[in-house]
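For reference, each letter of the sequence shown is one residue, going 1 to 177 in UniProt numbering.
Even for Gly, the Cβ is constructed at its ideal location relative to N, Cα and C.
These numbers were taken from a predicted model, which means no experiment stands behind them.
Structure first, commentary second.
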Amino acid sequence: MRATVQLSVDVPDPAVRVLWVNGYLDVAGAARLVRVVESQLLLVTSGLRDTRFLLVDLSGVAGFDPAALDLLRCLSPASRAAGVELYLTGCSSRLLVLPLRVRQALARFSAYPTVESALRDLRPVAPEATTEVVLPAQPGPPAVEVGVPGLREISGLRPELFRTDPGEHRGRTPAPG
Numbered sequence: 001m002r003a004t005v006q007l008s009v010d011v012p013d014p015a016v017r018v019l020w021v022n023g024y025l026d027v028a029g030a031a032r033l034v035r036v037v038e039s040q041l042l043l044v045t046s047g048l049r050d051t052r053f054l055l056v057d058l059s060g061v062a063g064f065d066p067a068a069l070d071l072l073r074c075l076s077p078a079s080r081a082a083g084v085e086l087y088l089t090g091c092s093s094r095l096l097v098l099p100l101r102v103r104q105a106l107a108r109f110s111a112y113p114t115v116e117s118a119l120r121d122l123r124p125v126a127p128e129a130t131t132e133v134v135l136p137a138q139p140g141p142p143a144v145e146v147g148v149p150g151l152r153e154i155s156g157l158r159p160e161l162f163r164t165d166p167g168e169h170r171g172r173t174p175a176p177g
């Protein structure tokens, strides 16, 4: 019996997510990989992440079930629809020893030889250093009260969240006493 595929997500840069795949990639493992990718894309489309690049690293995969790779075909269109560029990494060194059907399935994806080479190409280039002259601050109005920004506005909109009576429970009516 083959070991179950292991998946993990790494964040080397705010715009990049790396999905590490280890073990034998069978149909069940590919389905899990699809769910992980879809969850990352959902975070982007819901506005919770600014991911621009998704790297799926297959260098730790010991073997491929060709049927499993067929399941991964949906990933490219889904990532494009979310505005995320998807790349496979870690396959190039062994492409010649893989079965033809596996090579054909992998050829459908954009690829980099390694995660490191992908990161070198995909990370934004740091802007050139500039010299900035900082002038002393001009006297102005007094500093703003320190606290949670907009707390007064929020408490005005949802006063039930800011009640001071410890006997009151948020969102619940008290039990008849």
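Cβ-Cβ distances below 7 Å link T4 to G23 and G29 in the same chain, with the five nearest sequence neighbours on each side left out; the list follows chain order.
When the Cα atoms are used, D13 and A31 turn out to be separated by approximately 26 Å. For the 8 Å CB-CB criterion, D70 and A105 form a contact. In this model, C74 and E38 are separated by some 10 Å (Cα to Cα). Cβ neighbours of T45 within its own chain (closer than 7 Å, five residues either side excluded): A82. Less than 8 Å divides the Cβ of V16 from the Cβ of L122.
With respect to the 8 Å criterion, V84 and R108 are not classified as neighbours on the basis of their beta carbons. For V9, same chain residues with a beta-carbon under 8 Å away, outside a window of 5 residues either side, are R17, V18, L19, W20, V36 and Q40 in chain order.
Taking the CA atoms as reference points, G90 sits about 16 Å from L72. The closest CA to that of S110, considering only D65, S79 and L98, is found on S79.
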